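Working notes for the structure below.
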Amino acid sequence: MTDAVLAEGLVKTYGSVKALDGLDLAVPEGTVLALLGPNGAGKTTAVRVLTTLLQPDAGRAEVAGLDVLRRPREVRAVIGLSGQYAAVDEYLTGFENLDMVGRLYHLGRGPARVRARELLAEFRLEDAADRPVKTYSGGMRRRLDLAAALVARPRVLFLDEPTTGLDPRSRTDMWAVLGELVAAGTTVLLTTQYLEEADRLADSIVVIDHGQVIARGTADQLKDQVGGEVVEVVVAQAGRLPDAMRVLGTTAGGTATSEGHTRKVSVAVLAGRPAATVLVESLRELDAEGIAVQEVAVRRPTLDDVFLTLTGHAAEESPEPDLETAGAR
1 MTDAVLAEGL
11 VKTYGSVKAL
21 DGLDLAVPEG
31 TVLALLGPNG
41 AGKTTAVRVL
51 TTLLQPDAGR
61 AEVAGLDVLR
71 RPREVRAVIG
81 LSGQYAAVDE
91 YLTGFENLDM
101 VGRLYHLGRG
111 PARVRARELL
121 AEFRLEDAAD
131 RPVKTYSGGM
141 RRRLDLAAAL
151 VARPRVLFLD
161 EPTTGLDPRS
171 RTDMWAVLGE
181 LVAAGTTVLL
191 TTQYLEEADR
201 LADSIVVIDH
211 GQVIARGTAD
221 QLKDQVGGEV
231 VEVVVAQAGR
241 LPDAMRVLGT
251 TAGGTATSEG
261 HTRKVSVAVL
271 AGRPAATVLV
281 ESLRELDAEG
291 IAVQEVAVRR
301 PTLDDVFLTL
311 TGHAAEESPE
321 PDLETAGAR
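Residue numbers (my numbering): 1 to 329.
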């Protein structure tokens with residue numbers, strides 16, 4: 001299978017910060033690759049390089065068989081891009097925004113207007129089609145921006161956190177649209193903080209941190225890296241969370257994590273060890289130390305567990321450097 005997106009050894013530095021540090025990616029045609037990582041990991045920088053908006057300091061990349069540095073205009077003709085923030089003209093109507101994009105892609109007046117109406121219907125924006133975008137809600141602007149990325153029916157679609165700001169229904173609708181696009185042969189590379197999104201949409205997942213790939217595979221393959229099942233307990237007193245983490249970590253032979261607002265402690269059980277045994281031992285030790293438990297559970301690992309295990313922290317870190325202040329080319 002031919003790769004629609006290929007990156008080898010991409011490096012991008014902003015001053016003393018290395019946003020990309022030898023990044024390698026490959027996305028086969030007609031598949032979805034989800035790029036996961038904490039804020040500041042290099043996801044947006046990678047998308048900007050692949051969509052010709054940013055030049056790397058080293059490495060090479062191809063999109064649809066076209067070198068992004070040598071043939072940027074041709075690359076732009078076959079891709080669609082939706083960034084983290086809606087890039088729409090708020091003084092134009094929704095229809096005028098999409099019609100304008102169609103004209104810029106040289107679709108012609110008639111086809112551009114037809115395509116605009118098709119997308120307005122698909123994204124449930126028909127009733128607001130002739131209103132100025134400045135009257136739209138944030139979620140409506142986001143849907144319009146996503147529609148704009150699809151005007152020219154791109155061969156390769158880049159989506160940088162595509163459903164941020166969408167309500168659950170709109171997010172589900174967007175997932176359905178993406179599924180239809182991929183079924184028709186479109187290749188998609190998306191970055192997301194919604195791990196459920198990656199689990200549902202992606203054929204493969206790449207986890208990056210500090211500009212480097214730290215894991216890749218299918219959702220199931222990555223979950224298997226975490227270990228066996230996950231044991232969870234909810235303690236009665238938030239002040240006993242550190243003690244509960246120590247107990248679960250010791251009995252499971254791994255590193256426990258906690259959520260302060262829910263008072264939940266979780267630990268992945270080593271593969272091959274019965275989770276029920278770990279749970280019973282943990283409850284016995286917690287009781288011996290006077291740590292009251294309100295709830296217990298055993299479940300399969302999720303991508304949230306993968307993310308925390310691989311990166312060592314949640315998806316909250318310093319954002320990637322600003323292009324203007326960093327002197328990006």
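Each residue gets a CB set at the ideal place from its N, CA and C atoms; glycine is no exception.
Predicted, not measured: the structure shown is a model, and the values here were computed from it.
Close CB contacts of Leu-144 within its chain, under the 8 Å cut and outside five residues either way in sequence, are with Ala-86, Val-88, Gly-94, Asn-97, Leu-98, Phe-123, Leu-125, Val-133 and Tyr-136 (chain order). Taking one beta carbon from each stretch, the stretch 70-85 and the stretch 47-55 have 3 or more pairs nearer than 8 Å; the two touch. Taking C-beta separations shorter than 6 Å and ignoring five residues to either side along the sequence, the partners of Thr-31 in its chain run Asp-203, following chain order. A contact is defined here as three or more CB-CB pairs under 8 Å, and the stretch 280-300 fails this definition with respect to the stretch 191-205.
Residue pairing by DSSP places Pro-28 opposite Asp-3 in a beta bridge. Excluding its 5 nearest sequence neighbours in each direction, Arg-103 has C-beta neighbours in its own chain below 6 Å: Ala-112, listed in chain order.
Looking at the DSSP output, Arg-216 bridges to Val-206. Annotation note: the stretch 216-296 contains the following uninterrupted alpha helix (DSSP H) runs of length 4 or greater, listed N- to C-terminal: 219-226, 241-252 and 275-288. By the neighbour-count definition (other C-beta atoms within 10 Å, threshold 16), Asp-130 is an exposed residue. A direct Cα-to-Cα measurement between Ala-64 and Asp-3 gives close to 8 Å. For Leu-146, there is no enclosing beta strand (DSSP E); the residue is found in the alpha helix (DSSP H) stretching over 138-149. Going by beta carbons, Leu-23 and Ala-198 fall outside the 9 Å limit. Residue burial annotation: Glu-180 is exposed, with fewer than 16 other C-beta atoms found within 10 angstroms of its C-beta. Of all alpha-carbon atoms in Thr-277, Arg-240, Gly-239 and Ser-258, the one lying nearest the alpha-carbon of Ala-252 is that of Thr-277.
Ranked by how close their Cα comes to the Cα of Val-230, the residues Thr-309, Ala-19, Ala-34 and Pro-56 have Thr-309 in first place. A direct Cα-Cα distance of roughly 21 Å separates Pro-301 from Asp-209. Leu-54 is a Cβ neighbour of Thr-45, given a cutoff of 9 Å. For the pair Gly-138 and Asp-160, the Cα-to-Cα distance works out to about 16 Å. With a 10 Å radius around the Cβ and a threshold of 16 neighbouring Cβ atoms, Arg-73 comes out exposed.
The criterion of a C-beta distance shorter than 9 Å is not satisfied by Ala-236 and Arg-216. For Val-68, the CB contacts under 6 Å within the same chain, skipping 5 residues up- and downstream, are Thr-52, Ala-61 and Val-75 in chain order. By the neighbour-count criterion, in which a residue is buried when 16 or more other Cβ atoms sit within 10 angstroms of its Cβ, Pro-168 is exposed.
With 16 or more neighbouring CB atoms inside 10 Å of its own CB, Ala-268 falls in the buried class. Of all alpha-carbon atoms in Glu-118, Leu-166 and Val-156, the one lying nearest the alpha-carbon of Arg-141 is that of Leu-166. Glu-197 carries a helical assignment under DSSP once its states are collapsed to helix, strand and coil. Excluding its 5 nearest sequence neighbours in each direction, Phe-158 has C-beta neighbours in its own chain below 6 Å: Val-47, Thr-51, Leu-81 and Leu-189, listed in chain order.
Counting the other Cβ atoms within 10 Å of the Cβ of Arg-299 gives fewer than 16, which makes it exposed. Spanning the alpha carbons of Ala-288 and Leu-270 requires a straight line of approximately 24 Å. A Cβ-Cβ contact shorter than 9 Å links Val-265 with Thr-257.
Nearest to Pro-154 by alpha-carbon distance, out of Asp-127, Thr-186 and Pro-162, is Thr-186.
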